[in-house]
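Heads up: the structure comes next, in structure tokens.
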Amino acid sequence: MTTPDLSSGVSTAAAVDEAAALATFRTMWDQLGAIGVHPTGTRRYSWTDEDAALRRWFTDQAASRGMTVHTDPNGNIRAWWGEPADGAVATGSHLDSVADGGKWDGPLGVLLGFLAVDALAAAEARGNLVRARPLAVVDYMDEEGTRFGVACLGSKLMSGALDPETARALTDGDGVTLAAAMTAAGADPQAIGRDEVALAQTGAQVEVHIEQGKQLVGLAAPVGLATAIWPHGRWEFTFTGLADHAGTARLADRRDAALPFAATVLAARGAAQDLDARATFGRFHVEPGGPNVVPAKVVALLDARAATDAVLADLVDRIGRAARDAAGDHGVEVTVREISRAPVVDFDEGLRDLHGKLAAEAGERLPEIPTQAGHDSGILAAELPTSMLFVRSPHGISHSPLEDAADADVLAGLRALVRSLAVLVAAPQDGPPVTGRND
């Protein structure tokens, strides 16, 4: 068995009432959009009051569709269409955000998951769909890693990619541990870790996401199919010098920790340009932090990404050497600690074949593109078949309030999702929902 049989019934089973879907989308969007809104952007962090509000919204959406809701030990929440069972089909994304982020990164996939259930339920009611597998709409916990510094926290714990003890000890900017935050929210931090039940229940996953770049704009295509995720990771750089008086300390006598840090930022940009990669110091903290005090310490977080694992290693090595050289020039010590690293991810070719064939059958374009951004589906790809569909963002801007998508492109993404889910949920239970060249 390769991809499921594409019978002539797919077109009727995957029919979408676009006017009704768009009206429902806007209502859901307005409700969700009111959560975590600030003048400078959206702030939705894990295990906070905003997170609790997001979970209530998710539960209400599920209840309005007669779906049951289950929260797993790692905080991932699933709305089930049908009784939970092994080999089910999953879709969805995440609802958390970066600091002062936009509203499309993550929520688009969750909303379209619920809208897909609407379309498939209507097809089933018409007799155009015979469902053999349940479908779960998933909201993965803390995909962005904004609060505790580790991205895709929920999927990493679920898959066993992150050690539970390490996770419990993670701290936010106020020194609150993940364990304490979970306890305060009524969850049990001792229960986190690899979840064999959730893994067994996920036979395949299709995630829709806003594109975080301009590839689809350049291709003039509303929807694209992800081929792979670049390898990426985060590294903590700590520069340690000596505090001194900003007025009386001579420049020649200073051990200013900010100087080698600044040089490292510039070196990272140069190395990334040379290797056609990405390097960003998006978060740093200066101590003691007084305007009249020479910085004694700078702790900075590097986000690095590249097309291959070898290029990523070269990139981080170059930046590390530049940091050590600059620190030596200024009498400062530097340490580099790896926080996380994800290898290159190739999405399941069986699912990619399915998406491509269904798009061709429907007469719609579905160009294949790589992505430089990490996602929960990338983490879970080591455990089960996953794929991603990207919806065009007209400005190509993400992690910003300027994130956006046109109604027509949202509907194109919904059509692509429903087509594939219609086939996957109808796949016989005597095997996986899809198999292919990655098996």
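FYI, in the working numbering the residues of the sequence shown are 88 to 526.
C-beta: ideal position from N, C-alpha, C; glycine also.
query: Helix, strand or coil for T314? Go by DSSP, reduced to three states.; result: strand
query: Based on the DSSP output, what are the partners of S242 in its beta bridges?; result: In the DSSP output, where bridge partners are listed per residue, S242 has none listed.
query: Using the rule of at least 16 other Cβ atoms within 10 Å of the residue's Cβ for burial, across every protein chain shown, is Q288 buried or exposed?; result: buried
query: In whole angstroms, give me the CA-to-CA distance for S95 and L244.; result: Any answer about S95 is weak, because its pLDDT of 47 lies below 50 and its placement is not dependable; what the coordinates show is given next. Computed Cα separation, rounded: 40 Å.
query: Can the beta-carbon of R281 be found closer than 8 Å to that of A358?; result: no
query: In the structure shown, what three-state DSSP assignment does Q118 receive?; result: helix
query: Which residue or residues does DSSP assign as beta-bridge partners of E323?; result: L388 and R424
query: Counting only the same chain and skipping the five closest in sequence on each side, list residues whose C-beta sits under 6 Å from that of R524.; result: Its pLDDT being 46, under 50, R524 is placed unreliably in this model, and the coordinates cannot settle the point.
query: Please state the DSSP three-state secondary structure of L207.; result: helix
query: My guess is that E470 and S246 are in contact by the Cβ rule of under 8 Å, so how many angstroms apart are they, rounded?; result: 5 Å
query: Can you name, in chain order, every residue of its own chain whose Cβ lies under 6 Å from the Cβ of Q148, other than the five neighbours on each side?; result: F201
query: Report the CB separation of A110 from D205 in whole angstroms; it is logged as a contact under 8 Å.; result: That belief does not hold up - the Cβ atoms of A110 and D205 are roughly 11 Å apart, past 8 Å.
query: Going by the CB atoms, is the gap between W144 and M154 shorter than 8 Å?; result: no
query: Are D192 and Q299 touching if we call contact CB-CB under 8 Å?; result: yes
query: By the 10 Å Cβ neighbour count, where 16 or more other Cβ atoms means buried, how is G320 classified, buried or exposed?; result: buried
query: Thinking A514 and A219 are a contact (beta carbons under 8 Å), I'd like their distance in whole angstroms, please.; result: 6 Å
query: Report the CB separation of V419 from P347 in whole angstroms; it is logged as a contact under 8 Å.; result: 5 Å
query: Report the partner residues of W168 according to the DSSP bridge assignment.; result: L222
query: Just to confirm my understanding: we take E425, look at its own chain, exclude 5 residues before and 5 after, and list those with CB closer than 6 Å. What are they?; result: W322
query: Where does Q542 fall in DSSP's three states?; result: The structure shown does not extend to residue 542, since the chain is modelled only from 88 to 526, so the question has no answer here.
query: Mapping DSSP to helix, strand and coil, what is S474?; result: strand
query: Just to confirm, are M228 and N163 a CB contact at a threshold of 8 Å?; result: yes
query: Whose C-alpha, out of D396, G328 and E137, is nearest the C-alpha of D416?; result: G328
query: Helix, strand or coil for G193? Go by DSSP, reduced to three states.; result: coil
query: Mapping DSSP to helix, strand and coil, what is H157?; result: strand
query: In whole angstroms, give me the CA-to-CA distance for I484 and S507.; result: 27 Å
query: Given a cut-off of 8 Å, decide if A291 and L467 are closer than it, judged by their beta-carbon atoms.; result: no
query: What did DSSP end up calling S251 once you bin it into helix, strand or coil?; result: As written in the sequence, residue 251 is Pro, which differs from the Ser given in the question. Residue state, collapsed to three classes: helix.
query: For P538, does the count of other Cβ atoms within 10 angstroms reach 16, so buried, or fall short, so exposed?; result: Only positions 88 to 526 of the chain appear in this structure, which leaves residue 538 out of reach.
query: Go through its chain and collect everything with a Cβ distance to G189's Cβ below 6 Å, but skip five positions before and after it.; result: S487, P488 and E490
query: Helix or strand or just coil, what does DSSP make of I406?; result: helix
query: If you follow the alpha helix (DSSP H) that F145 is part of, which residue opens it and which one closes it?; result: D136 to S151
query: Three-state secondary structure (DSSP) at F434?; result: coil
query: Going along the chain, which residues of its own chain have a beta-carbon closer than 7 Å to the beta-carbon of T264, five neighbours each way excluded?; result: R255, A256, L257 and T258
query: Using a Cβ-Cβ cut-off of 7 Å (strictly less than) and excluding sequence neighbours within five positions of I122, which residues of its own chain qualify?; result: R131, E137, A140, L141 and W144
query: Which residues in the same chain have their Cβ closer than 6 Å to the Cβ of A166, if we skip the five residues on either side of it in sequence?; result: A149, M154, V156 and V224
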